[in-house]
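Trainee:
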Amino acid sequence: MAFEGLTERLQNAMRKLRGKGKVSESDLRETMREIRLALLEADVNFTVVKDFVKQVRDRAMGADVLEGLNPAQQIVKIVDEELTKTMGDEAVPLNKSAKIPTIIMMVGLQGAGKTTTAGKLALKLKNEENARPLMIAGDVYRPAAIDQLVQVAAGIDVPVFQLGTDVDPVEIVRQGLAQAEKDHNDYVIIDTAGRLQIDEQLMDELANIKELAHPDEILLTVDAMTGQNAVATAEGFNGKLDVTGVVLTKLDGDTRGGAALSIRSVTGKPIKFIGQGEKMTDLDVFHPDRMASRILGMGDMLSLIEKTQKEYDEKQAKELTEKIQENSFDFNDFLDQIEQIQKMGPMDELMKMIPGMANNPALKNAQVDPKDMNHLKAVVYSMTPQERTNPDVLNPSRRRRIAAGSGRPIHEVNRMIKQFNQMKKMMNQVSKGNMSGMEQLMGN
Ligand code: GDP
Numbered sequence: 001m002a003f004e005g006l007t008e009r010l011q012n013a014m015r016k017l018r019g020k021g022k023v024s025e026s027d028l029r030e031t032m033r034e035i036r037l038a039l040l041e042a043d044v045n046f047t048v049v050k051d052f053v054k055q056v057r058d059r060a061m062g063a064d065v066l067e068g069l070n071p072a073q074q075i076v077k078i079v080d081e082e083l084t085k086t087m088g089d090e091a092v093p094l095n096k097s098a099k100i101p102t103i104i105m106m107v108g109l110q111g112a113g114k115t116t117t118a119g120k121l122a123l124k125l126k127n128e129e130n131a132r133p134l135m136i137a138g139d140v141y142r143p144a145a146i147d148q149l150v151q152v153a154a155g156i157d158v159p160v161f162q163l164g165t166d167v168d169p170v171e172i173v174r175q176g177l178a179q180a181e182k183d184h185n186d187y188v189i190i191d192t193a194g195r196l197q198i199d200e201q202l203m204d205e206l207a208n209i210k211e212l213a214h215p216d217e218i219l220l221t222v223d224a225m226t227g228q229n230a231v232a233t234a235e236g237f238n239g240k241l242d243v244t245g246v247v248l249t250k251l252d253g254d255t256r257g258g259a260a261l262s263i264r265s266v267t268g269k270p271i272k273f274i275g276q277g278e279k280m281t282d283l284d285v286f287h288p289d290r291m292a293s294r295i296l297g298m299g300d301m302l303s304l305i306e307k308t309q310k311e312y313d314e315k316q317a318k319e320l321t322e323k324i325q326e327n328s329f330d331f332n333d334f335l336d337q338i339e340q341i342q343k344m345g346p347m348d349e350l351m352k353m354i355p356g357m358a359n360n361p362a363l364k365n366a367q368v369d370p371k372d373m374n375h376l377k378a379v380v381y382s383m384t385p386q387e388r389t390n391p392d393v394l395n396p397s398r399r400r401r402i403a404a405g406s407g408r409p410i411h412e413v414n415r416m417i418k419q420f421n422q423m424k425k426m427m428n429q430v431s432k433g434n435m436s437g438m439e440q441l442m443g444n
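Per UniProt numbering, the sequence shown runs over residues 1 to 444.
1) Taking only the alpha-carbon atoms, compute the straight-line gap between Ile136 and Glu30 and give it to the nearest angstrom.
2) Run the proximity test for Gln197: is its beta-carbon closer than 8 Å to any non-hydrogen atom belonging to the ligand GDP?
3) CB of Ala72 to nearest heavy atom of the ligand GDP: below 8 Å?
4) Could you check what DSSP says for Gly257 in three-state terms: helix, strand or coil?
5) Which of the three DSSP states is assigned to Thr7 in this structure?
6) Starting from the Cα of residue 481, find the closest Cα among Thr244, Pro71, Phe3, Arg57 and give me that residue.
7) Taking a contact to mean a Cβ-Cβ separation below 9 Å, would you say Met87 touches Ala260 in this structure?
8) Below 8 Å, can you find three or more Cβ-Cβ pairs linking the stretch 241 to 250 to the stretch 39 to 57?
9) Considering Cα atoms alone, identify which of Asn395, Phe286, Ile218, Val222 is closest to Ile103.
10) Provide the residue(s) that pair with Asp284 in DSSP beta bridges, ordered along the chain.
11) Can we say the stretch 161 to 169 touches the stretch 126 to 142, given the rule of at least three CB pairs closer than 8 Å?
12) Cα-Cα, which of Asp392, Gly155, Asp284, Gly176 is closest to Pro101?
13) How about Leu121: is its Cβ closer than 8 Å to a heavy atom in the ligand GDP?
14) With a CB to CB cut of under 6 Å and the five nearest residues on each side skipped, what residues in its chain are close to Asn12?
15) So who's on the other strand from Ala137, going by DSSP bridges?
16) Between the beta-carbon of Thr117 and the beta-carbon of Gly275, is there less than 9 Å?
17) Exposed or buried, what is Ser406 when buried is set at 16 or more other beta-carbons lying within 10 Å of its beta-carbon?
18) What do you reckon, is the C-beta of Thr31 under 8 Å from a heavy atom of the ligand GDP?
19) When we look at the beta-carbon of Met357 and count the other beta-carbons within 10 Å, is it buried (16 or more) or exposed?
20) Less than 8 Å between C-beta atoms, sequence neighbours within five positions excluded: which residues of the same chain meet that for Val79?
21) Alpha carbon to alpha carbon, how far is Lys418 from Asn70? Give it in angstroms, no decimals.
22) How would you label Arg264, buried or exposed, when you count the other beta carbons within 10 angstroms and need 16 or more for buried?
23) According to DSSP, is Gly245 helix, strand or coil?
24) Rounded to whole angstroms, what is the Cα-Cα separation between Asp348 and Ala292?
25) Ignoring anything shorter than 4 residues or poking outside the stretch 12 to 81, list the alpha helix (DSSP H) runs there in chain order.
26) Going by other Cβ atoms of all chains shown within 10 Å of its Cβ, with 16 needed for buried, is Gly111 buried or exposed?
27) Could you give the distance in angstroms between the alpha-carbon of Thr165 and the alpha-carbon of Val92?
28) Is the beta carbon of Gly257 sitting closer than 9 Å to the one on Leu6?
29) In chain order, what residues of the same chain lie with their CB nearer than 7 Å to the CB of Met106, ignoring the 5 residues before and after it?
30) With distances taken Cα to Cα, identify the nearest neighbour of Pro169 among Ile198, Leu335, Asp204.
31) Where does Glu387 land, buried or exposed, given buried means 16+ other C-beta within 10 angstroms?
32) DSSP puts Gly108 in a beta bridge; with which residues?
33) Any heavy atom of the ligand GDP within a distance shorter than 8 Å of the CB on Glu339?
34) Whole angstroms is fine: what's the gap from Ala230's alpha carbon to Leu109's?
35) In chain order, which continuous runs of the alpha helix (DSSP H) of length 4 or greater are located wholly inside the stretch 383 to 433?
36) Three-state secondary structure (DSSP) at Leu335?
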C-alpha cells in the first residue's frame, strides 16, 4: 500500500506524545528526530525535510494557543497542516483557454503513464464537462505507441488524429490542431514521445511542439514509484519546458511518498492529478489536504480535531463563562452542555478535548457513556422549568417525583444533583481564579 512505512513511522513518532499533559523540549526534539528520519526514509528530498521539520518545530514550540486540543493533538494538527502546505495547500485546476480548444500537452519519460493518463484525462473531461476532446498521436518513435493511443481512445470513444510514424511530430501536431479547429473540439490532448531518460534531442522536439501549439497546459507525468528520480525528472522537464502541472501516477502501488512530498517544493509546480490504477476512471484531482491525511493515516483523528474546534464555538464558550461567573449556571445549561457533547460524537476522545473538562471529577463520576448521558437528560427533562433554573428548590418530594417521571432510581437523581452542585461550585471557583478549585478540577 502507498505510504505504508511513512504512515506507520509518523504515527509512532506522534503516539509517544499521547497522554502527555505537556510536551517538554526533549519530547519534542525526539519526536522531530523521528519525523525527520521517517521522511528521509520515505525518499523525501533532503531540503524539503529540513524545511518541514523546522516549520513544525517552530510552530509546536508556540503551540499552546489552540483551544480545545491536547499537546499531542496539536502536534498532529501542525504536522497535517505542514504536510498539506508542502504539497501546495490547495488543489490547482486545469488551465483553460478562453476560446476553444484548450490545448493540453502530455510529456514524460517512457513508462511513466503518459498515454494512459491522456486517455484518463480525456474521459474525465468527457464525463464531467460533456467535452469533445481530440487526441493527437505525437510519438512517432515507437509504432506501438500510436497503436496504444488508438486503443485507449477507442475504449473511451474519443477520436485520435494520427499520421503514422513517418511524419515529423511538429507537423503532426500542426495538422491535428487544424483538424480540431475544423471539428470544433473543445480540448486537444497531445501525446508526445518519451525516452528512458531525459535527452537533448527529445527536449528540443518537445520545445518545438510547445512553440507551435502554445499549449494552455503542459502536464508532466511522473511515476510516483520512482521517488527521488521522479523529482529529478520533474526538474529536468521543467527546466526546459516550464511545465504547468504534474500528474503523479501509480499511487495505487507501494510508493514511499518521496515524490508526492517533494515535487511541489522542489519544482514549484503543482501536482494537478493523481493516477491510482490502470483503469480509465482511475484519475483524480490532487487535493493536498486529503493526501496529507492519507499519509498521516489519521483520517478519523483529524476530522475529530476539526470537529472539536468547530463545535467549540467561541460565542457559546463565552456565554457559558459568563453564566459561570454570575453563578447562574443551571440545569438548562447543563442540558445544553450534554447535548453539545452528544452532538460531537465519541465520548472518550471528545471529553478529553474540552478545556477544563478532561479531569473534571464531577463529569468523571457521571460517567461519559452515551447511555448515562441519556439518563442525565431524562432526569433534567422531568424537572419543572422552575426546578431547572433554580435547583435549590429540589426538596425530597420533588426529587421523588423526578425519579418517578424519569424512570431513574432516586439515589441516581440525588447523586446527579449533588454532582451538578459540585460542578457548579468548582466552575465558579475556577472562574474566580481560586487555586484550590483549580486543583480540584485537575484532580489533584
Ligand atoms: P507512457 O510510456 O508514459 O505512455 O506510459 P503508459 O501510459 O504506457 O503506462 C505504462 C504502464 O503503466 C502501463 O502498463 C499502464 O497501465 C501503467 N499505469 C499508468 N498509470 C498507472 C497508474 O496510475 N497506476 C497503475 N497501477 N498503473 C499505471
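For every residue, glycine included, the Cβ atom is placed at its ideal position computed from N, Cα and C.
Mentor: In short:
1) In this structure, the straight-line span from the alpha carbon of Ile136 to that of Glu30 is close to 54 Å.
2) no
3) no
4) coil
5) helix
6) Missing from the structure shown is residue 481; the chain here goes from 1 to 444 and no further.
7) Met87 is a Cβ neighbour of Ala260, given a cutoff of 9 Å.
8) no
9) Ile218
10) Ile274
11) yes
12) The candidate whose alpha carbon is nearest that of Pro101 is Gly176.
13) no
14) none
15) Asp191
16) yes
17) buried
18) Thr31: no, Cβ never under 8 Å from the ligand GDP.
19) The predicted model places Met357 with a pLDDT of 49, which falls under 50 and marks its position as unreliable; any figure quoted below should be read in that light. So Met357 counts as buried.
20) Leu10, Met14, Ile35, Val56, Leu296
21) 29 Å
22) buried
23) strand
24) Confidence is the limiting factor: at Asp348 the pLDDT is only 49, short of 50, which leaves the residue's position unreliable, though a coordinate-based value still follows. In a straight line, the C-alpha of Asp348 is about 25 Å away from that of Ala292.
25) 25 to 41, 46 to 61
26) exposed
27) 35 Å
28) yes
29) Excluding residues within five positions, the ones whose Cβ falls inside 7 Å are Lys114, Thr117, Ala118, Ile189, Ile190, Asp191, Thr192, Leu219, Thr221.
30) Closest option to Pro169, Cα to Cα, is Asp204.
31) Counting other Cβ atoms within 10 Å of its Cβ, Glu387 reaches 16 or more and is therefore classed as buried.
32) Listed as beta-bridge partners of Gly108 by DSSP are Thr221.
33) The answer is no for Glu339.
34) Roughly 10 Å between the two C-alpha positions.
35) With a minimum length of 4 residues, the continuous alpha helix (DSSP H) runs that stay inside the stretch 383 to 433 are 385 to 389, 396 to 406, 410 to 431.
36) helix
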